[in-house]
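> One point on numbering: in the numbering used here, the residue at position 163 of the sequence shown is 163, and numbering is uninterrupted. In this text, a Cβ means the ideal position worked out from N, Cα and C, and glycines have one as well.
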Amino acid sequence: MHVQKRVQRHTDRRSRVGWLDRVEDQVDALTKARALQEVSRSTEAYGLLDRVLCATRDPNARADALVQRLSALINLGRTAEYTRAIEEASAAVRDLAEPYLHGHLNALAALAAHHQGALDRCVTHLVKAARALGAVEDPDRDTAWGWHDLAMAYSYLSFHGYALGAIERARQLGNAAGIPEETFAAPGIRLRNAVALDHTGDSDGCLRVLRDVGGDLDRFVTAGRADRLRPSSLAAYGYAAARRCALGDDVTPAPGQDPARLLGYGADSARARDMRQLGQVCLAIASGRPIEAVTRLDSVQVSAETLGAAESARLRSMALGCAGDHAAAHRADRLAFRLAAQRHDRLRDVYIDGIAARIDHEEMRREAARFEGEALTDPLTGLPNRRRLERYIAAVVARGERVVIGVCDLDGFKAVNTRHGHHSGDLVLQRVAGVINRVMRRGDFVARYGGDEFVVVLPAAGMSEAAEVARRIDAAVRTEDWESLVPGTPVGVSIGFAEVGIGNPGKRDALSAAFETADREMLRAKARPRIA
1 MHVQKRVQRH
11 TDRRSRVGWL
21 DRVEDQVDAL
31 TKARALQEVS
41 RSTEAYGLLD
51 RVLCATRDPN
61 ARADALVQRL
71 SALINLGRTA
81 EYTRAIEEAS
91 AAVRDLAEPY
101 LHGHLNALAA
111 LAAHHQGALD
121 RCVTHLVKAA
131 RALGAVEDPD
141 RDTAWGWHDL
151 AMAYSYLSFH
161 GYALGAIERA
171 RQLGNAAGIP
181 EETFAAPGIR
191 LRNAVALDHT
201 GDSDGCLRVL
211 RDVGGDLDRF
221 VTAGRADRLR
231 PSSLAAYGYA
241 AARRCALGDD
251 VTPAPGQDPA
261 RLLGYGADSA
271 RARDMRQLGQ
281 VCLAIASGRP
291 IEAVTRLDSV
301 QVSAETLGAA
311 ESARLRSMAL
321 GCAGDHAAAH
331 RADRLAFRLA
341 AQRHDRLRDV
351 YIDGIAARID
361 HEEMRREAAR
371 FEGEALTDPL
381 TGLPNRRRLE
391 RYIAAVVARG
401 ERVVIGVCDL
411 DGFKAVNTRH
421 GHHSGDLVLQ
431 RVAGVINRVM
441 RRGDFVARYG
451 GDEFVVVLPA
461 AGMSEAAEVA
471 RRIDAAVRTE
481 DWESLVPGTP
491 VGVSIGFAEV
501 GIGNPGKRDA
511 LSAAFETADR
521 EMLRAKARPR
531 IA
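(1) In terms of residues, what are the limits of the alpha helix (DSSP H) holding I179?
(2) Could you name the residues that DSSP lists as bridge partners for G492?
(3) Starting from I405, follow its DSSP beta bridges and name the residues at the other end.
(4) How many Å lie between A65 and H125 at the Cα?
(5) How many angstroms separate the CA atom of L207 from the CA atom of L247?
(6) Go ahead and label A163 buried or exposed: buried means 16 or more other beta carbons lie within 10 angstroms of its beta carbon, across all protein chains shown.
(7) Mind listing, in chain order, the continuous alpha helix (DSSP H) runs of no fewer than 4 residues lying wholly within the region 255 to 319?
(8) For D149, count neighbouring C-beta atoms within 10 Å of its own C-beta (all shown protein chains included) and say buried if the count is 16 or more, exposed if not.
(9) Quick one: residues in its chain with C-beta nearer than 7 Å to the C-beta of A415, no 5 flanking neighbours on either side, listed in chain order?
(10) Out of T83, I495, T56, A498, which has the shortest C-alpha to C-alpha gap to R121?
(11) Is it buried or exposed, D198, if we count other Cβ atoms within 10 angstroms and call 16 or more buried?
(12) For L111 and A153, what's the separation of their Cα atoms in angstroms?
(13) Quick check on the DSSP output: the alpha helix (DSSP H) that includes F445 runs from which residue to which?
(14) Indicate whether the contact test is met: 3 or more Cβ pairs, each with one atom in the region 405 to 419 and one in the region 511 to 520, closer than 8 Å.
(15) Would you mind giving the Cβ-Cβ distance between V123 and G308, rounded to the nearest angstrom? I have them listed as a contact below 8 Å.
(16) Rounded to the nearest angstrom, what separates P505 and G462 at their Cα positions?
(17) How do the region 373 to 390 and the region 231 to 247 stand: do at least 3 beta-carbon pairs fall below 8 Å, yes or no?
(18) Could you give the DSSP three-state label for P187: helix, strand or coil?
(19) Quick check: the Cα distance between A470 and A476, rounded to an integer number of angstroms?
(20) Leaving out the 5 sequence neighbours to the left and right, which residues in its chain are closer than 8 Å to R431 when beta-carbon positions are compared?
(21) Under the assumption that C245 contacts L283 (Cβ atoms under 8 Å), give the Cβ distance between them as a whole number of angstroms.
(22) Roughly how many angstroms separate the alpha carbons of T418 and L427, rounded to a whole number?
(23) Looking at A447: is its Cβ nearer than 8 Å to the Cβ of R524?
(24) Can you tell which of E181, A254, T200 has the C-alpha that lies nearest to the C-alpha of S233?
(25) Can you give me the Cβ contacts of A129 inside the same chain, cut-off strictly under 7 Å, excluding the 5 residues immediately before and after it?
(26) Please confirm whether V221 and R190 have their CB atoms less than 8 Å apart.
(27) Between L458, E98, A319, which has its C-alpha nearest E499's C-alpha?
(28) So the alpha helix (DSSP H) G47 belongs to, where does it begin and stop?
(29) Using the C-alpha atoms, what's the distance from V396 back to A91?
(30) Under DSSP, the alpha helix (DSSP H) around E390 begins and ends at which residues?
(31) Could you tell me the distance, in whole angstroms, from the CA atom of R391 to the CA atom of P139?
(32) What's the gap between the Cα of D325 and the Cα of T306?
(33) Under 8 Å between the Cβ atoms of A35 and Q68?
(34) What residue from L30, T56, E292 has the CA that sits closest to R72's CA?
(35) Between the alpha carbons of E87 and R78, how many angstroms are there, rounded?
(36) Among all the DSSP beta bridges, which residues are the ones paired with T548?
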C-alpha cells in the first residue's frame, strides 16, 4: 500500500486541525479529487476516488473517498447509483467520531433523496446534516464545503431562507480557511428562488432577484475576480441573464458576460447541462424565435429538480405567448402553476406527516414512561417499590455519596388485618405512607419495600440526622388518629438505621450489609418495651 504523509494544505490555518489533517493515507489524491470537483470535473474525480478505494485500508481515507464519490455521482446525475453509494458511505462513516463527515454525508444524502423524489428522507437528512455540521469544533475548508452542499439541498427543496443562511455560513468558514468569496457565490440558490416566484405568478419579484444575481456578477467582473468563479456558478449566471431576457428585461451584457457564452460553462455537471438546454430556450424566446423555443422544449430532457418541475411549462407558456397562441400559453401557464402548487403540497404533506410522526413518538414515549412508572411504583401507596429503591440506592452509592438507610416496620399490623380485614389493612398502609412522607426532609427517599415494611434513604446524612428523622416518624405515627380508622387496634412503628460503608470496595456488599444492620436495629427497637 502506498502511504502518503500528511500535508499542510493551507498555511493560513496553522492553528487549525481540519479533517484531512487527521487522514494518514492518500491525502494528495483526496485533495486532488476535491479540486477536480470544485471545477466541475467530476468524472475525473470519480475515477481517482475509485483508485483511492482500491489502494487504501485506512478507515478515514476510505470514508472520505466514499463521501466524495457520492458527491461526484450527484454532480454527474447518475441517479441509479445513489442508493448503493449512500449505503457504502454510511457504513464507512458510521463508526467514525467525526461530525464533519456525518454532516457532509447527510447533506449529500439529502440532495440524493430529493433527486429520487423521497422528500421525507430528504428532510430527515437535512436535519441531521445541520446538527452534525453545527457540532464541528474546529471547522475548516471541508466543513465549509459541507455547509455549501447543505445550502444546495435546502435550495433544491425550496427552503430558500435556510439555503441563504447555510451558504452564508459556508462563506464565513471559507473566508477563514482562505477560500475566495467567489467560490461560494452560489448564484444557483437565488436563481431557484427567482424562478419559483415566477412559477407562482410573481414575475416582478422574479426579475428583482435575477437583477441582483446579475449585479453580483458585475461586481466580480469589475474587481477582476470573475476567473475565480466556479464553472457551475458561471452557468447559473448565464441562465439568470437568459431568463431575464426571456421575461423582456433589457439586458446589455458587458464583455465576458454574454449569456450564451456563460451557459457553455459547467463541464460535466448535470445541473449545468440542464441550465444550458433551458437557457437556449430562453434565448430563443428573447430573440423572437418562439417556434424554435417550443421545438427545443419538445426535445430536451432535463431533471425536474434543477429548476423545478414547473420551469419547462412556464417557458412553454412564454414561447406560445410570444407566438401569439394565447389560449395555449394560458393552458401552459396554468400547468406551471399547478406543478408549483403540487410541489408545495408535497412539502406541506411531508411536514404534516412529520409532525404526526413526532406526535406519535411523543405519545409512545409518554406511554413507555407511564408503563415504566407503573413497574417501579407500588400501586397501593403510590410510593416507589423495591425495584426503584434498589436503582436509587445503587445510583447514590455509585456516585460515592454518603447515605443512611432506614427500615421501618409497622407494629400491630397483623392485628389490624385479623380484626378489621385486609381492606382496613390497606387503608393503614396508605396512611402510614402519607405520614412518613410528610415528616421526611427535602431530598429524602421513601419506598414500600414489601408487606408492612417501608424503607427510607437519607442522602448526605449521618446517624445523628437519622436519629432525628426516626424520632419524627415515630412521633407522627403515634399521634395519628388510628382509633377512628381501626378502633381498638393501636398502630406503631419500629425503625432501624445504618450507614452504607462507602469505603467498601464492593458496593453491593456494602449495601447488603447496611440493610442487614438496619434490619437488626429495627428488630431491637421492636423488642424494646414501649412507654404508653
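Once the coordinates are examined:
(1) Per DSSP, I179 belongs to no alpha helix (DSSP H) and is neither H nor E.
(2) D411
(3) V457, A498
(4) 20 Å
(5) Straight-line Cα distance between these residues: approximately 8 Å.
(6) buried
(7) 259 to 263, 270 to 286, 290 to 299, 304 to 307
(8) Buried: at least 16 other Cβ atoms inside 10 Å.
(9) T489
(10) T83
(11) buried
(12) 5 Å
(13) No alpha helix (DSSP H) holds F445; the beta strand (DSSP E) holding it covers 445 to 450.
(14) Per the Cβ contact rule, the region 405 to 419 is in contact with the region 511 to 520 (3 or more Cβ pairs under 8 Å).
(15) The Cβ separation is near 18 Å, so there is no contact.
(16) Interpretation of P505 is limited by its pLDDT of 46, a score under 50 that renders its predicted location unreliable; the figure taken from the coordinates is listed afterwards. Rounded to the nearest angstrom, the two C-alpha atoms are 20 Å apart.
(17) The way I'd put it, the region 373 to 390 doesn't touch the region 231 to 247; fewer than three beta-carbon pairs between them come closer than 8 Å.
(18) Three-state result, P187: helix.
(19) 10 Å
(20) E480, L485
(21) Right, their Cβ atoms sit about 7 Å apart.
(22) About 14 Å.
(23) no
(24) Checked all of E181, A254, T200; the closest Cα to S233 is E181.
(25) G103, N106, A107, A110, L150.
(26) no
(27) L458
(28) G47 -> alpha helix (DSSP H) spans 42 to 55.
(29) 39 Å
(30) 386 to 398
(31) 42 Å
(32) 28 Å
(33) In this structure, Q68 does not lie closer than 8 Å to A35 by Cβ.
(34) Before going on, a small fix: residue 72 reads as Ala here, not Arg. Residue L30 is the option with its Cα nearest to A72.
(35) 15 Å
(36) As shown, the chain starts at 1 and ends at 532. That puts residue 548 outside it, with no answer to give.
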